[in-house]
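In UniProt numbering, the protein residues as written are 1 to 216.
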């Protein structure tokens, strides 16, 4: 699978109008396997107003969709300053994934830019520590860690970290407050630690889902 993710901050358009138009146009994309287009929930950080996640069978299928009339219309909407003030965009296939898809609940995605002394060894250790989280945080359902093949926005994003939860408490409580998060993951994000790797500018956003968003 290959996915396109856009975290969209709106300008003049209201969220209901933007959601309706994006859903209408995306429905005509050829080869679309899955689409999540939903408003973000309160509590996001640099999380925009709308999450759009589109999934295709592979990168070639995603490129064909982008070149279609519907794909060009999507890009035109996202590039229109009357509608949109900011887009953080990534295109990616999974580097690591696991966990059960439980249906509806909450989808969360974080975009990271690992740009502080990013040696191969440090990047590998960071990825390994990140994907340990689902072994300890039982509220995480389906999860996926990816390194984008394309990235634009406020940073050149290097990692896409996605999870699904049954409800918000699984994210904001069990995940964010878990001792493993603070012992093994937080150090990569904190400039006061010698391990600091990830730019302090990041995206942390989430939305409600009625069906799985991370497709195997």
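Just so you know, even glycine gets a beta-carbon here, dropped at the ideal spot from N, CA and C. These figures come from a predicted structure and were not determined experimentally.
When secondary structure is reduced to three states using DSSP, residue 139 falls in the coil class, being assigned neither helix nor strand. By the neighbour-count criterion, in which a residue is buried when 16 or more other Cβ atoms sit within 10 angstroms of its Cβ, residue 212 is buried. Contact annotation: residue 5 and residue 160 have beta-carbon atoms nearer than 8 Å. By DSSP's assignment, residue 52 forms a beta bridge with 6 and 37.
As computed with DSSP, residue 111 is found in a beta bridge with 160 and 203. With respect to the C-alpha of residue 86, the residue from 115, 124, 97 and 46 having the closest C-alpha is 46. Judged by beta-carbon spacing, residue 107 lies beyond the 8 Å limit of residue 61, meaning their Cβ atoms are not closer than that value. Under the three-state reduction of DSSP, residue 180 is assigned to helix. DSSP places residue 16 in the helix class (H, G or I) of the three-state scheme. Taking residue 195 as the centre and dropping the five residues before and after it, the same chain places the C-beta of 122, 187 and 188 closer than 8 Å to its C-beta, in chain order.
Closest in C-alpha terms to residue 97, from the list 11, 163, 70 and 153, comes 163. The shortest CA-to-CA distance from residue 210 to any of 17, 105, 55 and 99 is the one to 105. By DSSP's assignment, residue 165 forms a beta bridge with 106 and 140.
Each residue's CA atom was taken as its position, placing residue 202 and residue 153 some 11 Å apart. Counting only residues of its own chain and dropping the five nearest sequence neighbours on each side, residue 130 has a CB closer than 7 Å to the CB of 145, 161 and 185. Residue 53 counts as buried, since at least 16 other C-beta atoms from the protein chains shown sit within 10 angstroms of its C-beta. Within the DSSP bridge table, the entry for residue 92 names 3 as partners. The DSSP-derived three-state label of residue 45 is strand.
The criterion of a C-beta distance shorter than 8 Å is not satisfied by residue 111 and residue 143. With fewer than 16 other Cβ atoms from the protein chains shown falling within 10 Å of its own Cβ, residue 80 counts as exposed. Shown here, residue 151 sits in a strand according to DSSP, grouped into three states. If you compare the alpha carbons of 29, 37 and 7 with that of residue 17, the shortest gap goes to 37.
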